[in-house]
Structures are given as C-alpha cells and as structure tokens.
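Chemist:
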Amino acid sequence: MTIKTASDRPTMIEFREVQKYYGDYHALRGISAEIRAGEFFSLLGPSGCGKTTLLRTIAGFEDISSGAVLIDGKDMSNVPANKRPTNMVFQSYAIFPHLTVAENVGFGLRRDPRSSAEKARAVEEALELVGLKGYGPRAAHAMSGGQRQRVALARALILKPKVLLLDEPMSALDKKIREQMQVELIKLQRELGITFVLVTHDQEEALVMSDRIAVMFDGEIAQLADPETLYRHPNSRRVANFIGVMNFLPARVTAESDSHVALEVPGLGPLEVTPDQVAAQTSGGEATVGFRPETLTLLYEGQTASDREAPGVIDEVVYYGDMTYYDIRLDGVSAPVRISMRNVFGRPVLDVGSRIRVAWSPGALVLFR
Amino acid sequence: MKSPGLRLFAFAYLIFLYAPIVLLPIFAFNSGTIIAFPLKGFTLHWFDQLFSNATLGQALRNSLIIAVSTAIFATTLGIFAARASTRYRFPGKPGIMGLIMLPLVLPEIIVAVSLLIVLLGIGVPLSIFTVILGHVLAATPYAIAVLNAAFSSLDKSLEEAAYDLGETKWSTFRLITLPLVLPGIVSSMLMAFTISLDEFIIAFFLAGEQVTLPTYIFSQLRFPKQIPMIMALGTCLVIASIVLLTIAEYARRRGIAKTGAKDTGGFL
Numbered sequence: 167m168t169i170k171t172a173s174d175r176p177t178m179i180e181f182r183e184v185q186k187y188y189g190d191y192h193a194l195r196g197i198s199a200e201i202r203a204g205e206f207f208s209l210l211g212p213s214g215c216g217k218t219t220l221l222r223t224i225a226g227f228e229d230i231s232s233g234a235v236l237i238d239g240k241d242m243s244n245v246p247a248n249k250r251p252t253n254m255v256f257q258s259y260a261i262f263p264h265l266t267v268a269e270n271v272g273f274g275l276r277r278d279p280r281s282s283a284e285k286a287r288a289v290e291e292a293l294e295l296v297g298l299k300g301y302g303p304r305a306a307h308a309m310s311g312g313q314r315q316r317v318a319l320a321r322a323l324i325l326k327p328k329v330l331l332l333d334e335p336m337s338a339l340d341k342k343i344r345e346q347m348q349v350e351l352i353k354l355q356r357e358l359g360i361t362f363v364l365v366t367h368d369q370e371e372a373l374v375m376s377d378r379i380a381v382m383f384d385g386e387i388a389q390l391a392d393p394e395t396l397y398r399h400p401n402s403r404r405v406a407n408f409i410g411v412m413n414f415l416p417a418r419v420t421a422e423s424d425s426h427v428a429l430e431v432p433g434l435g436p437l438e439v440t441p442d443q444v445a446a447q448t449s450g451g452e453a454t455v456g457f458r459p460e461t462l463t464l465l466y467e468g469q470t471a472s473d474r475e476a477p478g479v480i481d482e483v484v485y486y487g488d489m490t491y492y493d494i495r496l497d498g499v500s501a502p503v504r505i506s507m508r509n510v511f512g513r514p515v516l517d518v519g520s521r522i523r524v525a526w527s528p529g530a531l532v533l534f535r
Numbered sequence: 011m012k013s014p015g016l017r018l019f020a021f022a023y024l025i026f027l028y029a030p031i032v033l034l035p036i037f038a039f040n041s042g043t044i045i046a047f048p049l050k051g052f053t054l055h056w057f058d059q060l061f062s063n064a065t066l067g068q069a070l071r072n073s074l075i076i077a078v079s080t081a082i083f084a085t086t087l088g089i090f091a092a093r094a095s096t097r098y099r100f101p102g103k104p105g106i107m108g109l110i111m112l113p114l115v116l117p118e119i120i121v122a123v124s125l126l127i128v129l130l131g132i133g134v135p136l137s138i139f140t141v142i143l144g145h146v147l148a149a150t151p152y153a154i155a156v157l158n159a160a161f162s163s164l165d166k167s168l169e170e171a172a173y174d175l176g177e178t179k180w181s182t183f184r185l186i187t188l189p190l191v192l193p194g195i196v197s198s199m200l201m202a203f204t205i206s207l208d209e210f211i212i213a214f215f216l217a218g219e220q221v222t223l224p225t226y227i228f229s230q231l232r233f234p235k236q237i238p239m240i241m242a243l244g245t246c247l248v249i250a251s252i253v254l255l256t257i258a259e260y261a262r263r264r265g266i267a268k269t270g271a272k273d274t275g276g277f278l
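These protein sequence lines map, in sequence, to chains A and B. Residues in the first sequence are numbered consecutively from 167, following this note's numbering. Residues in the second sequence are numbered consecutively from 11, following this note's numbering.
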C-alpha cells in the first residue's frame, strides 16, 4: 500500500516497501509511507502491531529484511545507528545511572571538537530548553520519572538531529504529568521545527499531539491521515474502533447511485448517505453504519430535533463529572448505542429506564461495507 | 523466630559453623604443641616459624599466582559468555551454555583425573600453569552465574542510547556497560579467587613438583609438631578473608549508592 502525501513540505523519511521478518514472524508487511520535514508524526497501534519495530528501523537498531528506509533523501541501508541523523528518547528513558544529569545530556558531545567550556554551555542550553536549568550537577538516578524524561529529551536534542524518535515516552508517567508533557512536547516541536516521530498505543495522545497519524495493525499501516480525518472518516471498522468510541448498527443497502447510497437501518429507519461517507476499505462483510457518541443528542421535554429523531429507552447511565454517557436501546435494535452529553448547567442527568428521543443526522454517519 | 526450638537450632547452627574458626587463633598463640585445653601460655613462636618457612612461602606465592590468574581468566571468559547468553540468540545456545556450566555439578576428582590424562597424553609438563587451566575450568561456571545476573539486570536500551548518541560498539561497552556491571565483575573475581585459593583436588593432581597452599597444608598435617604453625597460618588466612570481603562489600555498596540501583544483597 502506498500513501502519497500532497504537501509543499519536503519528505524527511521515506519507507519503501519495508519488510521485516523475525524468523517466521512477519513483523512489517511492506510499509510504504512518507514523513514530511518538520512534522509531528505518530505511529499508533495496539502492542505487537509493528510500530516500535518501524521506529527502530529509522534509528538503525533494526535491520530490515527488504525494502529501504531513506532519511533526507539518503538510503540508510549501510548507515549504522551511530552515524544516522536521528536521536531517540527511549521508553525506559535509558538514563545512564552512573553519570550526572549534565554528563548524561552532554554524552553525545564527547566526539565534538568544541572546547569544554562551549560544550558546558550547550549542555546548559539544552537543560534550559527542557526546563531543567541548574539541575546539571545532580545524580541522574535521583531524578523523578518526569525529570528523567526531560533529561532524555535534552540528551537526544543536543546533537540537533534531523529527526527525533520517541518510543512511548509518556507511558510511564502519571496522568497529570503526562498531559503536561504532551503540551510541552508540542511546543518544543514547533519551536525547534525538528521532525518528531512518536510511537504510542494511546489514541488520545496521538490525536492531541500529531500533525499526522499512521494507524498500524499486524505489521501494516491501516490508515495514514491527520487526526480529524482519522476520527471523522476512519477507513475501516477496525480503525474506527481503535480511535475513540464508535457505535455500529447493521444496515441494508436498498439503492445505490453515483451521488448517494440509500440504506435501511433498524432503529434509525431509511436514510441516505453521500459517497464520501463510505469507508474506503471494504471488508466484504455485512454493511454497518458507525457514528460517534457525541454526534447524537438526547432530546429533553419540549425539544425537537433539527434533523431526524429516533425513540429509545435508557439502558445504562455513566456519570463522568463533565460528561454523562448514556447507553440507549433504540426501538427495534437489541444492542445499545452509547451517546455522550456534556453536563452543562441546568441539564439534568436522566435515569435508567426513561423513555427518550434521540436527535441524529445522516451526515454524521460512516458506512462500512 | 517465634518458636524457641527454631531459635535454639539457629544458635546451635552458628556455633557449629564458627566455633572451629574461633579455635584457630586461640591455639595459634598457645605455647603448647598439643592442640588441647588447658592452654599453656602465650607465644608468637608459631608465627615466627610460619614466616621463616621457605616452602610455605613458595606455596603461598604459587597459590596467589594461580588464584589471581584464575580470577582474571575466569572472569574474562565469564564476561564474554554472560554477555553472549543475555544479549544474543544463536543456534544451540542452551546446549552450549549447559556444557559450559557442567563443571559446576561434575565431581572435581573426575575433572582432575581426566585433565591429568589429557595433559600427560599431549605432553604438557605439569606446573602451576596446568593448575591455572584446571582452576579456570572449575571457576568459570561460578563467574558466569554471577556475571549473568549483572548483565541481565542491565537495561538493553542504555547501550542503544549510547550507540544512538554516536559512540561505537566498543566505546559504548567501555563507557556504559563496564561501569554498570563492575560490581558483578568484582564479585566474580573475588569468587574465582577464593575458589582457586582453597582448591585441593585439581591442584593435587596437576601441580606436579610444585606446591600450593592447600596441598602444602595437607602434607604438613601428618606431622603433629607442625599443627600449631598451620593454626597460625589459618589465623592469617581468616584475617585476610575478612579484610578482602570487607573491601569488596564496601566497593559494592558504593557502586550501588552511585547508580541508585536497588540493593539485591551481597556478601554481608
């Protein structure tokens, strides 16, 4: 599968039919993709999908069985990891425990011909960049998880790489620090303009941080797109399921033309969707329509739908503070669908068993077939 | 330690273990030639005799040469083997590792006799060099066991990070791997040294004309009047062991404090 990206920015990394076997195990099944210069790019997928392996082929830690990896137009086949214009932030951070923070950050400058005073200044600048000014003399092993990550970041950035590789860098941090680091990383990336390639299994993290995301399953890229396209127009049920929550209802195609597809959906009734609402990949199975929880709205007393409405019964209520999730059994459908409502002021949380009406719009649906 | 029976058992066990060692210095300073109570009087004569004994000096020198060589060779081989077994996958690995570790369970006398036959067969003259060969064979499995633990607790991405930052494979090993496994290397050398120093059977078979400390002590036990001197020798060895272990433990704890690693227990 080749994904061509139309963009004025030049290509920084190019995968050409990259194959990787571990013995009989086929880890990468012909990856072809381009990562643009200055882009925040994420490899997203469940564990074992090959995303880390793909990242390690960029770093040079993993030989590829066939195909090619190009960085800045140069074939990396015979370039070892220590000669590549890439640096990596490891999942474990890989902070050298027997060195100080400054020695860790300055490690990559050992072969730099500059004077030690200039190198010390470069180290201090790198530490300042990640918000650790003055931490240089401390023992690296005594730093907290969040601080270690900053040290790893400064250490990787001091060599001014063309590409910064991040292998699940936030997975070991707790939620608050993780969210803070996400914002800082985005800022840092914009400030430096370096290409960032992030590996993550956290779809929310990928959506928040990335310019573009490659969703990977079983050693293949299932979809490569910007976050909004991925969320609104997933090209398969699998991608739709992996990114956010999506409800699925079985559908029957009743008529089809160049301008629309007519469907009969139990619970929603007859409807029409446009061709751009049809997912690109066909699985050959039964047709289903998918919709996100926030595209449906509960109708309270006296409210009317602006488009279409469907009746149902509340099956389950999950209160999240800012949001309430309702599982609703639409009339004529056995499986409940989930809808989310913001708990804005004056809006009551409804009880299980209440009969309600739901407003929806055919334009928010995606058809998988 | 709630049960008084267990407490008693532990107490008796410790006495059984250490009382004989406590007797060593007592009789080393006793002026009587017979190893029995009551004590006669205080003397330094046995130490005098010890330090002026030329054969003993030779045995000690031999033993030290053998033990230091064994420590270095066994640990060097152990580093290669431990690194290979923790980092790489290669065909026949379990079999090869099993063969290397086999001397751990083989009776030493069998190893000693077969080595003797082979060495005589290919015409290698017996000397302290042949003892070193035998001791390296016996000590390497212990070295590997210690070093395996050190290498496998080392995060692989530390080496990758150094390589990623522009170092070569060799400078990565020197700058990152070696300092971090150093406590393991010290433990391994100490263990190999100790194993070699008090090893008797292999030394007895392979030393030829030469004497080592254990073979010398064994040969002197036939002469009752030499026993007090052996007691003095034992006292010196106990003190040397305690000093050595203290230094090693101090170095180990300092290494742990420096890298912030978790203390997984050492000798003391």
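Note that the Cβ used here is the ideal one computed from N, Cα and C, for glycine as well.
Hey, M199(B) and A81(B) are a contact pair by Cβ (cut 8 Å); roughly how many whole angstroms apart?
Modeler: 4 Å
Chemist: For T168(A), I'd like the list of residues in its chain whose CB is within less than 7 Å of its CB, leaving aside the five on either flank, ordered along the chain.
Modeler: Interpretation of T168(A) is limited by its pLDDT of 42, a score under 50 that renders its predicted location unreliable; the figure taken from the coordinates is listed afterwards. S198.
Chemist: Less than 8 Å separating the beta-carbons of A320(A) and V296(A)?
Modeler: yes
Chemist: Does T168(A) get closer than 8 Å to chain B when you measure Cβ to Cβ?
Modeler: Any reading at T168(A) is ruled out, since the residue's pLDDT is 42, under 50, leaving its predicted position unreliable.
Chemist: Name the DSSP beta bridge partners of W526(A), please?
Modeler: R474(A)
Chemist: Exposed or buried, which one is D377(A) when buried takes at least 16 other CB atoms within 10 Å?
Modeler: buried
Chemist: Check the Cβ-Cβ distances between P400(A) and every residue of chain B, and say whether any is below 8 Å.
Modeler: Output row for P400(A): interface = no.
Chemist: Between the beta-carbon of T245(B) and the beta-carbon of A69(B), is there less than 8 Å?
Modeler: no
Chemist: With C-beta atoms as the reference, is F262(A) less than 8 Å away from Q355(A)?
Modeler: no
Chemist: Below 8 Å between beta carbons is the criterion; list the residues of the stretch 143-171 of chain B that meet it against any residue of chain A, in chain order.
Modeler: For the stretch 143-171 of chain B, which is checked against every Cβ of chain A, the residues closer than 8 Å are D165, S167, L168, E170, A171.
Chemist: Would you tell me roughly how many angstroms separate the C-alpha atoms of P393(A) and M375(A), rounded to the nearest one?
Modeler: Answer to the nearest angstrom: the Cα atoms are 9 Å apart.
Chemist: What residue from L437(A), E291(A), V484(A), D442(A) has the CA that sits closest to P459(A)'s CA?
Modeler: If we check each option's Cα against that of P459(A), V484(A) comes out closest.
Chemist: How close, in whole Å, do the beta carbons of V317(A) and G302(A) come, if the pair is a contact with beta carbons under 8 Å?
Modeler: The pair is not a contact, with the Cβ atoms about 10 Å apart (cut-off 8 Å).
Chemist: By the three-class DSSP mapping on this structure, what secondary structure does E438(A) have?
Modeler: In the three-state DSSP reduction, E438(A) falls in the strand class (E or B).
Chemist: What does E177(B) touch in chain A if you count any residue whose Cβ is under 9 Å from its own?
Modeler: N248, F273, G274, R276, R277
Chemist: Tell me the start and end of each unbroken alpha helix (DSSP H) in the stretch 208-264 of chain A that is at least 4 residues and wholly inside, in chain order.
Modeler: Runs of the alpha helix (DSSP H) lying entirely within the stretch 208-264 of chain A, each at least 4 residues long, are 217-225 in chain order.
Chemist: Helix, strand or coil for V191(B) per DSSP?
Modeler: helix
Chemist: Is the separation between the beta-carbon of I237(A) and that of P251(A) shorter than 8 Å?
Modeler: yes
Chemist: Please report whether the beta-carbon of T269(B) lies at a distance below 8 Å from any beta-carbon of chain A.
Modeler: Yes, because at least one Cβ of chain A sits closer than 8 Å to the Cβ of T269(B).
Chemist: Less than 7 Å separating the Cβ of A268(A) from some heavy atom of the ligand MN?
Modeler: Among the components modelled here there is no ligand, and therefore nothing to report on the ligand MN.
Chemist: Residue range of the beta strand (DSSP E) that I505(A) falls in?
Modeler: 503-508
Chemist: Roughly how many whole angstroms lie between the Cα atoms of F161(B) and D58(B)?
Modeler: 46 Å
Chemist: Specify the secondary structure class of L129(B) as computed by DSSP and reduced to three states.
Modeler: In the structure shown, L129(B) adopts helical secondary structure according to DSSP, grouped into three states.
Chemist: If distances are taken between C-alpha atoms only, which option among S449(A), S337(A), A286(A) comes closest to N536(A)?
Modeler: As shown, chain A starts at 167 and ends at 535. That puts residue 536(A) outside it, with no answer to give.
Chemist: Measuring only between beta-carbons, confirm whether L190(B) sits less than 8 Å from chain A.
Modeler: yes
Chemist: Considering only residues of the same chain and omitting the five flanking positions on each side of R195(A), which have a CB-CB separation below 6 Å?
Modeler: Excluding the 5 residues flanking it on each side, R195(A) has same chain C-beta neighbours closer than 6 Å at G385, E386, in chain order.
Chemist: Starting from N244(A), find everything on chain B with Cβ-Cβ shorter than 7 Å and list it in chain order.
Modeler: Within 7 Å Cβ-Cβ: nothing; N244(A) doesn't reach chain B, min ~16 Å.
Chemist: Check each residue of the stretch 401-417 of chain A: if its Cβ is closer than 8 Å to any Cβ of chain B, include it; give the result in chain order.
Modeler: none
Chemist: Tell me, which residues are paired with G456(A) by DSSP?
Modeler: F414(A), V532(A)
Chemist: Between A453(A) and L533(A), is the Cβ-Cβ spacing less than 8 Å?
Modeler: yes
Chemist: With DSSP run on the structure shown, which of helix, strand or coil describes L254(B)?
Modeler: helix
Chemist: Would you decide whether R513(A) is buried or exposed? Buried here means 16 or more other CB atoms lie within 10 Å of its CB.
Modeler: exposed
Chemist: Would you decide whether K353(A) is buried or exposed? Buried here means 16 or more other CB atoms lie within 10 Å of its CB.
Modeler: exposed
Chemist: By DSSP, does F511(A) sit in helix, in strand, or in coil?
Modeler: coil
Chemist: State the start and end residues of the unbroken alpha helix (DSSP H) segment that holds T96(B).
Modeler: 64-97
Chemist: Quick check on the burial criterion: 16 or more other C-beta atoms within 10 angstroms. Buried or exposed for F277(B)?
Modeler: Residue placement at F277(B) is poorly supported in this model, since its pLDDT is 46, which falls under 50; the coordinates still yield a value, given next. Under this definition F277(B) is an exposed residue.
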